[in-house]
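Take a look at the structure set out below.
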Amino acid sequence: MSKRAFIKSYGCQMNVYDATRMADELARQGYEMADAAEGADLILLNTCHIREKAAEKVYSELGRLKGERALIGVAGCVAQAEGEEIIRRQPRVDFVVGPQAYHLLPELIAKAQRGEAPVETDLAEDKFAHLAAPQKRAITARGVTAFLTVQEGCDKFCAFCVVPYTRGGEVSRPVAAIFAEAERLVDAGVREITLLGQNVNAYRGPDGMGGTASLAALVERLAALPGLARLRFTTSHPNDMSADLIAAHRDEPKLMPYLHLPVQAGSDKVLKAMNRKHTAGQYRALIESIRAARPDIALSGDFIVGFPGESDADFEATMALTRDVGYASAYSFKYSPRPGTPAAGREDQVPEPVKAERLQRLQALLTEQQRAFNAGCVGRTLPVLIEKPGKKPGQWVGRSPYLQPVHIPAEAGQVGEIVEVAISSAQGNSLFGAPAGMRRDAA
Ligand code: SAH
Ligand code: SF4
Ligand code: F3S
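Residue numbers (my numbering): 51 to 493.
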């Protein structure tokens, strides 16, 4: 009987992508993927260190798992940040592997099997060049949309953020490696690829001709793949939103009109203290030029409330900016002091109840904006990429260009097809409709 491995991922999409690459490598090592921890031979927790709550989840999960007979490994950003400390706190852990060292998994597993408890947190290598390529069957099983990491790490050092420490400095994968991987994905039925990076628009990959390619150039290159219908990229930093990338949103029909562009805060004082290196006015102007290039673009953002020193007036500036921009969706968080980051040591921390109240107010506004955006889609006809069965029988769920889930009747088409859907209603975060001419919708 073959060995079985279970990977549980927390955190961002880059971890989701890494999990697929680890699964592909483990497949090469003779492991089959299990869909639960119980009874597995190997359990890998692929962790996130971005906020305290995310990091602490790991230890409660480890507590639950300690009775399992499996080899237990901790991967991801907590592994990088805490290293050996993880084994000290939970001796049941057999090995620790940081996000830049996944190509060493076979070696680490072998050492762990010998009882050595290895900890590998080297940041130096290009792990993707050494990891097993995904097999066609595995890609097809993952569906018609896929992630593809093109850039890792961050050089920006925002005062609140652990990413530059857990993922290291900015590194871009070569254009040729990305193109080959995209071809493989498309050949296995993938129709939509989301290019990933901690700062994806800072992408500067070797172009194979002695120069570097920008993200816009990469998008243009990938858009030439005939079977590929849609491209997206995330997450972008406002300061790397270059003119050629904005132009790509105007000129490249395969690039979807949706952009995640975090601003974090609306007050210049707070932006400066966060080390974001732009003002609220510069962000507003940027949004204006993006909308001039692609008027229907849907914007998404990230916000932090209660950064040290944030006054009521500062927070009102965040509310005002949010009102002015109008987001189709967004993520917002209470500031969480992270060990080793400059802001964590500040004395002017904002009290918890103040953070909670601000978060509630901002989230109410963002929810209202999302509702308004979704309601505005009713009556329009949108191209929907059919992804998988919906919750109800006889229903598919797919994605609009603006990343909204759209529920349609199963007769509308097949998984992987793009169908023109007349949107008839919006409920919660989802849209409902049917192809024009088909009377019944899926609601
Ligand atoms: N590279 C991206 C964001 C990566 S982290 C960018 O620059 O925008 C994802 C989000 O988590 C951030 O945008 C921020 O909103 C949030 N975040 C990061 N560190 C945080 C902290 N210490 N407390 C609360 N939220 C945080
Ligand atoms: Fe973190 Fe800032 Fe880098 Fe984004 S740009 S990953 S928030 S340090
Ligand atoms: Fe979390 Fe690491 Fe991603 S800290 S958000 S898993 S880069």
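Every residue gets a Cβ at the ideal spot worked out from N, C-alpha and C, and that includes glycine.
Would you please state the rounded distance, in angstroms, between the beta carbons of residue i and residue j? I believe it to be under 8 Å.
i	j	result
A330	G316	5 Å
L305	A298	6 Å
L432	I473	6 Å
V456	G444	No, V456 and G444 are not in contact; Cβ-Cβ is about 15 Å, not under 8 Å.
S382	L412	5 Å
V108	V128	5 Å
Y333	F197	That belief does not hold up - the Cβ atoms of Y333 and F197 are roughly 26 Å apart, past 8 Å.
Y385	F353	That belief does not hold up - the Cβ atoms of Y385 and F353 are roughly 10 Å apart, past 8 Å.
G359	D318	Contact doesn't hold; Cβ gap of about 13 Å is too wide.
Report yes if the C-beta of residue i is less than 7 Å from at least one heavy atom of ligand 1; otherwise report no.
i	result
I20	In the structure as shown, the chain begins at 51 and stops at 493. Residue 20 is therefore absent and cannot be evaluated.
K312	A small fix is needed here, since residue 312 is Pro in this sequence, not Lys. For ligand 1, at least one heavy atom lies less than 7 Å from the Cβ of P312.
V213	yes
If you reduce the DSSP assignment to three classes, tell me which class residue i lands in.
i	result
R449	strand
S475	strand
F229	helix
V200	coil
P224	coil
E338	helix
T244	strand
P214	helix
E467	coil
R326	coil
A238	coil
A331	For clarity, residue 331 is Gly in the given sequence; the question names Ala instead. Helix at G331.
A55	strand
A209	coil
A484	strand
Would you say the beta carbon of residue i comes nearer than 7 Å to a heavy atom of ligand 3?
i	result
H287	no
G126	yes
Q185	no
G61	yes
Q248	yes
Would the C-beta of residue i count as close to ligand 2, meaning under 7 Å from any of its heavy atoms?
i	result
P387	no
Q204	Correcting the residue identity first, residue 204 is Cys in this sequence and not Gln. Yes, Cβ of C204 sits closer than 7 Å to a heavy atom of ligand 2.
F283	no
C98	no
(message) I want to know whether the stretch 241 to 255 touches the stretch 202 to 214 - three or more CB-CB distances under 8 Å.
(response) yes
Quick check: the stretch 165 to 185 against the stretch 137 to 157, are at least 3 beta-carbon pairs closer than 8 Å? yes
Quiz prompt | Complete runs of the alpha helix (DSSP H) confined to the stretch 73 to 140 [at least 4 residues] | solution = 102 to 115, 126 to 132 and 135 to 139
**Item:** Those runs of the alpha helix (DSSP H) which lie wholly inside the stretch 140 to 194 and span at least 4 residues
**Value:** 155 to 163, 177 to 180 and 186 to 192
Contact the stretch 57 to 66 vs the stretch 89 to 101: 3+ CB pairs below 8 Å = yes
Secondary structure, alpha helix (DSSP H): runs of 4+ residues fully inside the stretch 343 to 430 = With a minimum length of 4 residues, the continuous alpha helix (DSSP H) runs that stay inside the stretch 343 to 430 are 362 to 375 and 402 to 425.
**Prompt:** If we count Cβ pairs, one from each stretch, closer than 8 Å, do we get three or more for the stretch 340 to 348 versus the stretch 386 to 401?
**Reply:** no
Minimum length 4: unbroken alpha helix (DSSP H) runs contained in the stretch 250 to 320: 265 to 273 and 293 to 301
- [ ] Evaluate contact between the stretch 74 to 94 and the stretch 115 to 133, counting only Cβ atoms and requiring at least three cross-stretch pairs below 8 Å.
- [x] yes
Practice item. Report yes or no: do three or more beta-carbon pairs, one from the stretch 131 to 147 and one from the stretch 112 to 121, lie closer than 8 Å? Key: Touching, yes, given that three or more Cβ pairs across the two stretches are closer than 8 Å.
Would the stretch 132 to 141 count as touching the stretch 420 to 427 if we require 3 or more Cβ pairs under 8 Å? no
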